[in-house]
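J.: Per the working numbering, the sequence shown starts with residue 5, numbered consecutively.
We put the CB at the ideal spot given by N, CA and C, even for glycine.
The structure displayed is predicted, hence computed values, not measured ones.
Below is one structure. I have some questions about it.
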Amino acid sequence: MMHERERLPLDARLLSESIIELNISRRNVAIYPRGHPLVEKSLNRAFELLKGLLDLRPEMTLAVAKDTLVVDNSYLDKKNPVYRDFALHLNRIGIASVTFSSGLTKDELYSFHSFLSEHARDASPETVRKEWEEKRLTHVHIEFIDYGAFTFEDEVREEREPGKEQQPLWERYAIALMEGRLQTEEVSDAIQEVPPETLAGFMNRTATEKVREESYERIITAYIRRSSESSFSSRDLKKLMVVISRLRPEVKRQFLSAAGRTLSSDMKAAEEALREIPVERIIGLLNTINEQKVAIPENLENLLKKLSTLRQDAVGDIILGGSLIADDVFLSPDVMSLLSSGNFERYVSDAYQEEIQRLINTDVSKIVGETAEELRREFSDEYTELAYNQTILELLSTDIINEKDYERFVEIVKGQAEQMLETGQYGGVLKILKTLESNAERGRFREITSSALQHYSSPGFLSRFVESLRIIGRLMREEAMSLCDHYGKEIIPYLMDALIVEESQANRRFLISLLTRFGDGIIPETIKRLGDPRWYVKRNMLFILSECGGEEVLPHVRSYCFHDNRRVCAEAIKCLLKAGDAYGVAALREHLRSGKEELIEQAAALAGAYRVRELVPELLELLGKKSVSSKDYNDKVPIVRALGSIGDPRAVAALREIVSTRGLIFKGAVERLKEEVYRSLRNYPYEDVRDLVEAGLRSRNERIREEAMRVKRMKGG
Numbered sequence: 005m006m007h008e009r010e011r012l013p014l015d016a017r018l019l020s021e022s023i024i025e026l027n028i029s030r031r032n033v034a035i036y037p038r039g040h041p042l043v044e045k046s047l048n049r050a051f052e053l054l055k056g057l058l059d060l061r062p063e064m065t066l067a068v069a070k071d072t073l074v075v076d077n078s079y080l081d082k083k084n085p086v087y088r089d090f091a092l093h094l095n096r097i098g099i100a101s102v103t104f105s106s107g108l109t110k111d112e113l114y115s116f117h118s119f120l121s122e123h124a125r126d127a128s129p130e131t132v133r134k135e136w137e138e139k140r141l142t143h144v145h146i147e148f149i150d151y152g153a154f155t156f157e158d159e160v161r162e163e164r165e166p167g168k169e170q171q172p173l174w175e176r177y178a179i180a181l182m183e184g185r186l187q188t189e190e191v192s193d194a195i196q197e198v199p200p201e202t203l204a205g206f207m208n209r210t211a212t213e214k215v216r217e218e219s220y221e222r223i224i225t226a227y228i229r230r231s232s233e234s235s236f237s238s239r240d241l242k243k244l245m246v247v248i249s250r251l252r253p254e255v256k257r258q259f260l261s262a263a264g265r266t267l268s269s270d271m272k273a274a275e276e277a278l279r280e281i282p283v284e285r286i287i288g289l290l291n292t293i294n295e296q297k298v299a300i301p302e303n304l305e306n307l308l309k310k311l312s313t314l315r316q317d318a319v320g321d322i323i324l325g326g327s328l329i330a331d332d333v334f335l336s337p338d339v340m341s342l343l344s345s346g347n348f349e350r351y352v353s354d355a356y357q358e359e360i361q362r363l364i365n366t367d368v369s370k371i372v373g374e375t376a377e378e379l380r381r382e383f384s385d386e387y388t389e390l391a392y393n394q395t396i397l398e399l400l401s402t403d404i405i406n407e408k409d410y411e412r413f414v415e416i417v418k419g420q421a422e423q424m425l426e427t428g429q430y431g432g433v434l435k436i437l438k439t440l441e442s443n444a445e446r447g448r449f450r451e452i453t454s455s456a457l458q459h460y461s462s463p464g465f466l467s468r469f470v471e472s473l474r475i476i477g478r479l480m481r482e483e484a485m486s487l488c489d490h491y492g493k494e495i496i497p498y499l500m501d502a503l504i505v506e507e508s509q510a511n512r513r514f515l516i517s518l519l520t521r522f523g524d525g526i527i528p529e530t531i532k533r534l535g536d537p538r539w540y541v542k543r544n545m546l547f548i549l550s551e552c553g554g555e556e557v558l559p560h561v562r563s564y565c566f567h568d569n570r571r572v573c574a575e576a577i578k579c580l581l582k583a584g585d586a587y588g589v590a591a592l593r594e595h596l597r598s599g600k601e602e603l604i605e606q607a608a609a610l611a612g613a614y615r616v617r618e619l620v621p622e623l624l625e626l627l628g629k630k631s632v633s634s635k636d637y638n639d640k641v642p643i644v645r646a647l648g649s650i651g652d653p654r655a656v657a658a659l660r661e662i663v664s665t666r667g668l669i670f671k672g673a674v675e676r677l678k679e680e681v682y683r684s685l686r687n688y689p690y691e692d693v694r695d696l697v698e699a700g701l702r703s704r705n706e707r708i709r710e711e712a713m714r715v716k717r718m719k720g721g
């Protein structure tokens, strides 16, 4: 059965969660130092999910196609912002694909993220490759984009001079664009991220009289147009204006002319973008055009004049027949005279003027920003849906609607509940249930309300709820738990079914955490499923019994202490040891005496983890066996480790004997065993191991000296 599970294809949900957590942990590593709680938490989640993927296959490769991730020749959702963000970050570095393989460690994952965040964006590909090679990660492999694949019209290329620093990639692209040699499509990504000041500096250094305006047009097009879009934005134009303001006069003239032709090629997009630019910038652009005596297309010139004039008039005074018009109201000449500077001071007090000045000096940018953010939130689809749902629930709770409207609203709410399950809004589903249950208690339209409540308790709805929990439940943990608590024991069989088929370790833990909230109420269903022939089902049921069961479950557990599958054995024994049942100790003793290496190692680990002092004699007996090979010495390492966890002084004499061993033939194995002895000393009474610690401080083995010093600091002062 184990091999069958390993051959399963990648799980789409598990893959999605892995990429999301990879991107989160990447960002946290870039912001916070190693050891920060946010770094460790996100790193652990990403690592566990990747391990789950690598349990399905030995390798998992993420290929990068600009802003899209590709797995197994299939493009992932191009609209997913997390996928896009991760792909773009890898693409900016020049990474074509990343492969994670079995055996991946958390330290390697951290080093990978560290590499992504440390290098300079404009570093040459050779520098980036060299930095990666220095990482020497065994289980993370990166393929870089082959920039030699970019083809130019010129077949002859200059040899790079030895010791000469290579230009940044974007700068090489810019030169190739200016010279008309670059043929690779969608090259603008390398240039668009360059700050406008930097691009202007490059143009000032590179531009000569021989450069034609067509060359500048290619640069402008690459800088303000995105390959996936047909137009430019106000943000693009603002960047372009900064570039123009920083250029030398002779370069500025040619560049302005080229910019004019580029903008006029799409007047609709130009007008939409220019309307979002402050009037001061448009006036400044017009002044620059006039100063440089640049001839731009007439349609663009008219647009610039129109926008600047309209905006000036919009905030100016409109005079008609000697009267001022303000908000469609005619103000008389007397009022106009009052508003003039001299009369204003005569009729308005100093205190009022100070108040006006205070208002003028107030920085409203923060207030405007907060208001805008609030408006964006209130106009979002999610907020609108929530408000709509809340309104309908309030109507269902009142007596102002008739039976026909009530039935119609109940049907609308059913559709909303289905959408809520898809997006993990379990709190919204819970509100619906409570509203209907309240109506049922009041006897409001009994048949309709009863039928609706039956729908929310139907196998189909509960199955969809649990399927939603498997996919996104961990992200909305508190709401998920509240809804499960509301359903009570009714939801247990569905959660059990989901647990049995769940492949992700992280999701299994989440489902188990939901199940164990029911306490001993879950025991009957757990014991029922304990008879399932699949080993991993038995293991999960035993774990649940260990968390929730009492003495009444122990008879059901004991028979699994000698199951054919070691994982089942271990879980059964853990359950018994946790409950303090002597049968668990007896089972461990049998495993220690079995002569089977895997069982002995597992039993020793459990004896140490639960500090079972009753098994010290058996452990010492195994430790005292004569060693005739390096394997015999290595087999004693878990025994020493278990005795060290227990910390019983009866083991000290055997430890002294190991330390005094002179292993000439199997020196390496003997040294490893001695090192384990010193790592285990911290749990023994210091007076009993003082001589061992002092001997360790004089050892030639550096690891032994370090461990001895650590024990002395902890126990001996």
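From the DSSP output, in three-state form, read off Thr103 for me.
T.: Residue state, collapsed to three classes: strand.
J.: Who are the Cβ neighbours of Gly588 in its own chain at under 6 Å, not counting the five residues just before and after it?
T.: Contacts found: Ile577, Leu580, Leu581.
J.: Would you grab the beta carbon distance between Val68 and Ile99 for me? Rounded to a whole angstrom, and I think it's under 8 Å.
T.: Sure, about 6 Å apart at Cβ, within 8 Å.
J.: Have a look at Arg512, Leu558, Ser563 and flag the residue whose alpha-carbon is nearest the alpha-carbon of Tyr540.
T.: Residue Arg512 is the option with its Cα nearest to Tyr540.
J.: Enumerated in chain order, which unbroken segments of the alpha helix (DSSP H) with a length of 4 residues or greater are wholly contained in the segment 530-601?
T.: DSSP runs (the alpha helix (DSSP H)) wholly in the segment 530-601: 539-552, 558-562, 570-582, 586-596.
J.: Going by DSSP in three states, Leu80 sits in which element: helix, strand or coil?
T.: Three-state DSSP puts Leu80 in coil, outside helix and strand.
J.: Let's see if you can read the secondary structure: which residues bound the alpha helix (DSSP H) around Met713?
T.: Here the alpha helix (DSSP H) through Met713 covers 706-715.
J.: Label Met718 either buried or exposed according to how many other C-beta atoms from any shown protein chain fall within 10 Å of its C-beta, with 16 as the threshold for buried.
T.: So Met718 ends up on the exposed side.
J.: Over what stretch of residues does the beta strand (DSSP E) that includes Phe148 continue unbroken?
T.: Start and end: 144-148.
J.: Can you tell me whether Thr754 is helix, strand or coil according to DSSP?
T.: Residue 754 lies beyond the range of the chain shown here (5 to 721); nothing can be said about it.
J.: Scan the segment 221-294 and note each continuous alpha helix (DSSP H) run of 4 residues or more that stays entirely inside, going in chain order.
T.: Qualifying alpha helix (DSSP H) stretches, in chain order: 238-249, 253-268, 271-278.
J.: Using beta-carbon positions only, say whether Arg660 and Leu696 come within less than 8 Å of one another.
T.: For Arg660 and Leu696, yes; Cβs fall inside 8 Å.
J.: What number of angstroms, rounded off, separates the C-alpha of Lys635 from the C-alpha of Arg676?
T.: Near 11 Å, if we compare the C-alpha coordinates of Arg676 and Lys635.
J.: Is Leu57 near Met64, with beta carbons less than 8 Å apart?
T.: Yes, the Cβ-Cβ distance between Leu57 and Met64 is below 8 Å.
J.: Do the CB positions of Ala502 and Leu515 come within less than 8 Å of each other?
T.: Yes, they are a contact pair.
J.: Going along the chain, which unbroken runs of the alpha helix (DSSP H) with 4 or more residues stay wholly within the segment 401-433?
T.: As far as the segment 401-433 is concerned, its whole alpha helix (DSSP H) runs of at least 4 residues are 407-427.
J.: Could you say which of Val616, Asn569, Asp354 lies nearest to Arg4 if we only look at CA atoms?
T.: No answer is possible for residue 4: it lies beyond the span of the chain, which begins at 5 and ends at 721.
J.: Work out the CA separation of Glu506 and Glu21 for me, nearest whole Å.
T.: Glu21 and Glu506: Cα-Cα distance of roughly 14 Å.
J.: If you follow the alpha helix (DSSP H) that Arg481 is part of, which residue opens it and which one closes it?
T.: Run containing Arg481: 481-491, per the alpha helix (DSSP H) assignment.
J.: Residues in its own chain within less than 6 Å of Leu304 by CB, not counting five upstream and five downstream?
T.: Counting only Cβ-Cβ distances below 6 Å, and skipping sequence neighbours, we find Gly264, Leu267, Ser268.
J.: How would you call Leu425, buried or exposed, if buried means at least 16 neighbouring beta carbons within 10 angstroms?
T.: By the neighbour-count rule (16 or more Cβ atoms within 10 Å), Leu425 is buried.
J.: Bridge partners of Ala67, per DSSP?
T.: Answer is Val74, Ser101, bridged to Ala67.
J.: Provide the residue span of the alpha helix (DSSP H) that contains Gly700, from first to last.
T.: Taken as a continuous stretch (DSSP letters only), the alpha helix (DSSP H) holding Gly700 covers 690-701.
J.: Please classify Arg533 as buried or exposed, where buried requires at least 16 other C-beta atoms within 10 Å of its C-beta.
T.: Looking at its Cβ environment, which holds 16 or more other Cβ atoms inside 10 Å, Arg533 is buried.
J.: Considering only the alpha carbon of each residue, which of Thr427, Asp585, Ala608, Arg250 lies closest to Phe206?
T.: Taking only the C-alpha atoms, the option nearest Phe206 is Arg250.
J.: What span of residues does the alpha helix (DSSP H) with Ser22 cover, start to end?
T.: Ser22 -> alpha helix (DSSP H) spans 16-35.
J.: Within the same chain, show all residues whose beta-carbon is closer than 6 Å to that of Ile531, passing over the 5 residues directly before and after it, in chain order.
T.: Excluding sequence neighbours, Ile531 sits near His560.
J.: Figure out for me which residue from Gly648, Arg468, Phe449, Tyr688 has the closest Cα to the Cα of Ala421.
T.: Looking at the Cα atoms, Arg468 is the closest of the given residues.
J.: Could you tell me the distance, in whole angstroms, from the CA atom of Leu47 to the CA atom of Tyr114?
T.: Taking the straight line joining both Cα atoms gives about 7 Å.
J.: Would you tell me roughly how many angstroms separate the C-alpha atoms of Leu603 and Val715, rounded to the nearest one?
T.: Their Cα atoms are separated by approximately 31 Å.
J.: With the cut-off set at 8 Å, would you say Pro282 and Lys243 are in Cβ contact?
T.: Not closer than 8 Å, so no.
J.: On the premise that Leu499 lies in contact with Arg436, defined as a C-beta separation below 8 Å, what is that separation, rounded to the nearest angstrom?
T.: Per the sequence shown, residue 436 should be read as Ile rather than Arg. Ile436 to Leu499, Cβ: 21 Å. No contact.
J.: Should Tyr564 and Ala484 be called a contact, given that it needs their Cβ atoms to be closer than 8 Å?
T.: No, they are not a contact pair.
J.: Could you check whether the Cβ of Arg285 sits closer than 7 Å to any heavy atom belonging to the ligand GDP?
T.: Looking at this structure, you won't find the ligand GDP or any other ligand, since it has none at all.
J.: I'd like to know whether the C-beta atoms of Val644 and Ser684 end up nearer to each other than 8 Å.
T.: Yes, they are a contact pair.
J.: In angstroms, rounded to a whole number, what distance separates the CA positions of Leu241 and Ala277?
T.: Going from the Cα of Leu241 to the Cα of Ala277 covers about 7 Å.
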